[in-house]
Ligand SMILES: NC(=O)c1ccc[n+]([C@@H]2O[C@H](COP(=O)([O-])OP(=O)(O)OC[C@H]3O[C@@H](n4cnc5c(N)ncnc54)[C@H](O)[C@@H]3O)[C@@H](O)[C@H]2O)c1
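In this note's numbering, the protein residues as written are 783 to 1242.
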């Protein structure tokens, strides 16, 4: 039901969302659009200012219009901290949970955000943890900080599962996982989310919800890891993974192997590690989870080795390389560079070929963003200028613009002996003669084994 905004009641909010990043800003806006009065608490002043002007600091389809509307009608307000006298019925913690330099999930953001909530909340508040956390974090980190205040509170774990780029759509479509230890808290948290979505899946503990989130993302990582393993098999035997995988699935209902490619992004690069870390702390090693992650993480250096070997068959000089598609994914399009595997490809290239000239291009990311993450690279304004006389073109995400030129057109702009390496198999619909001998892709590199089974490269 829409909340009426009462001029005398400026300090009371239905919801306080702590952290206005990808998860917090989209959720706060969607809730405000349902009529709730939402206070967004964000420690970064630049994000607070932009939000209060109705301008999103992230690219997300539909968000600019909805945010402008929600701020314009006064349902969403951002601030850097809870002002004294402010109160919220429900608090949602959406701060980041990146891995630290030791490779372990950081909990300090969650702790700090919980302390802010603890100080502000009144008796009877519902506190929802939405960030992706290691198993037991809601019970062992968040709940004790809240309990230390002596105030009555309820706690639920309701993880975010939306796809970046489709968040405003999926917030209203995806079933919401609601985990809490009592029926009353589950019902209260589910009632809160029914403003957004028709389906809530109530599960019986906080840990159940934490595990669901980690298992969902790890399942995807393992699937992609296996697809990349299939690509390695195909590379060794000189067959095409884009023949093996779709061919094996056609009309056969018992397998659904994913397609190979770079696997990263803000969630997949860390969530399997968070799951494995959780279990290691109780003495269990997760073999499949860690192996799949390893396959995905070593792909950049393994493939750069192939790419440079291929180049050195043609020349001994330092190559000029065009690295195309820097965001962590191209569909739905995003400018998010967090966990982008293109950056690992760049690092592997800079390490293995320190004298190479590397040009980078992305259809969505701004040059300022690219300069920040790749200070040594040359930033190209267009794909064509990146390709001009380049020796090697590497396609590192699946943005459709990167397939706007056919391989032969790309090669036409490049140096005479130039070649393409495509991490996304953009051109798997083309026949081999259309691709030519200077096009390679993950799982399609023309490797061959000799009679004794040892590897010979590029003997196609
Ligand atoms: N990005 C996604 O699409 C997605 C999807 C599902 C789950 N998740 C999970 O949700 C969580 C948040 O992800 P994100 O992508 O929104 O992260 P993010 O880094 O984009 O946003 C977090 C925001 O919280 C702010 N913040 C940190 N500490 C704060 C504090 N104490 N008080 C106020 N603000 C604070 C940061 O400044 C930042 O703007 C992570 O655990 C992530 O794994 C993300």
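Beta carbons are placed, not taken as given, at the ideal position from N, Cα and C, and that holds for glycine.
Check                                                                                                                                                                     : Outcome
Between residue 1173 and residue 1093, is the Cβ-Cβ spacing less than 8 angstroms?                                                                                        : yes
Counting only the same chain and skipping the five closest in sequence on each side, list residues whose C-beta sits under 6 angstroms from that of residue 889.          : 923
Tell me which residues share the same chain as residue 905 and place their Cβ nearer than 7 angstroms to its Cβ, disregarding the 5 neighbours each side in the sequence. : 933, 934
Among the candidates 980, 872, 882, whose CA atom is the shortest distance from the CA of residue 912?                                                                    : 872
How big is the Cα-Cα spacing for residue 1101 and residue 1192?                                                                                                           : 17 angstroms
Since residue 1166 is in the alpha helix (DSSP H), which residue starts that stretch and which ends it?                                                                   : 1165-1169
Where residue 1224 and residue 984 are concerned, what is the direct C-alpha to C-alpha distance, given to the nearest angstrom?                                          : 41 angstroms
Provide the residue span of the beta strand (DSSP E) that contains residue 871, from first to last.                                                                       : 869-875
Anyone know if the C-beta pair for residue 1109 and residue 1146 falls short of 8 angstroms?                                                                              : yes
Report the option in 897, 869, 1062 whose CA atom is closest to the CA atom of residue 930.                                                                               : 897
Give the secondary structure of residue 976 by DSSP, where H, G and I count as helix, E and B as strand, and everything else as coil.                                     : coil
For ligand 1, I want to know if residue 957 counts as a neighbour, meaning its beta carbon is within less than 7 angstroms of at least one of the ligand's heavy atoms.   : no
With C-beta atoms as the reference, is residue 947 less than 8 angstroms away from residue 837?                                                                           : no
How far does the alpha helix (DSSP H) with residue 1017 in it extend, from its first residue to its last?                                                                 : 988-1019
Check whether the stretch 1147-1156 and the stretch 1080-1100 are in contact - that is, three or more C-beta pairs closer than 8 angstroms.                               : no
Would you decide whether residue 1057 is buried or exposed? Buried here means 16 or more other CB atoms lie within 10 Å of its CB.                                        : buried
Exposed or buried, residue 1034, counting other C-beta atoms within 10 Å across all chains shown (16 or more means buried)?                                               : exposed
Is residue 973 buried or exposed, if buried means 16 or more other CB atoms sit within 10 Å of its CB?                                                                    : exposed
So, helix, strand or coil for residue 1161, using DSSP?                                                                                                                   : strand
Any heavy atom of ligand 1 closer than 7 angstroms to the beta-carbon of residue 1114?                                                                                    : no
If we call anything under 8 angstroms between Cβ atoms a contact, is residue 862 one with residue 830?                                                                    : yes
I need the boundaries of the beta strand (DSSP E) containing residue 799, first residue and last residue.                                                                 : 794-800
Beta-carbon within less than 7 angstroms of residue 1083's beta-carbon, same chain only, minus the 5 sequence neighbours each way: which residues are those?              : 1130
Check residue 939 in the structure and name its three-state DSSP category.                                                                                                : strand
From which residue to which residue does the alpha helix (DSSP H) around residue 1147 run?                                                                                : Premise fails: residue 1147 is in no alpha helix (DSSP H) and is neither H nor E.
I need the straight-line Cα distance from residue 844 to residue 856, nearest angstrom please.                                                                            : 19 angstroms
Any heavy atom of ligand 1 closer than 7 angstroms to the Cβ of residue 935?                                                                                              : no
Please check the pair residue 1177 and residue 1144, which I expect to be a contact at CB under 8 angstroms, by giving their CB distance rounded to whole angstroms.      : Wrong, their Cβ atoms sit about 11 angstroms apart, outside the cutoff.
Determine the direct distance from the alpha carbon of residue 944 to that of residue 1239, and round the result to whole angstroms.                                      : Its pLDDT being 47, under 50, residue 1239 is placed unreliably in this model, and the value from its coordinates should be taken loosely. Near 42 angstroms, if we compare the C-alpha coordinates of residue 944 and residue 1239.
Give me the DSSP bridge partner(s) of residue 1204.                                                                                                                       : 1177, 1223
Which of the three DSSP states is assigned to residue 961 in this structure?                                                                                              : strand
Which residues mark the beginning and the end of the alpha helix (DSSP H) in which residue 891 is found?                                                                  : 890-902
Start and end of the beta strand (DSSP E) containing residue 1046?                                                                                                        : Neither: residue 1046 is in no beta strand (DSSP E) and is coded neither H nor E.
Buried or exposed: which applies to residue 1038, given that a residue is buried once 16 or more other Cβ atoms fall within 10 Å of its Cβ?                               : exposed
Where do the N-terminal and C-terminal ends of the alpha helix (DSSP H) with residue 1058 fall, by residue?                                                               : 1053-1062
Taking the Cβ atom as the reference point for each residue, do residue 1162 and residue 953 lie within a distance shorter than 8 angstroms?                               : no
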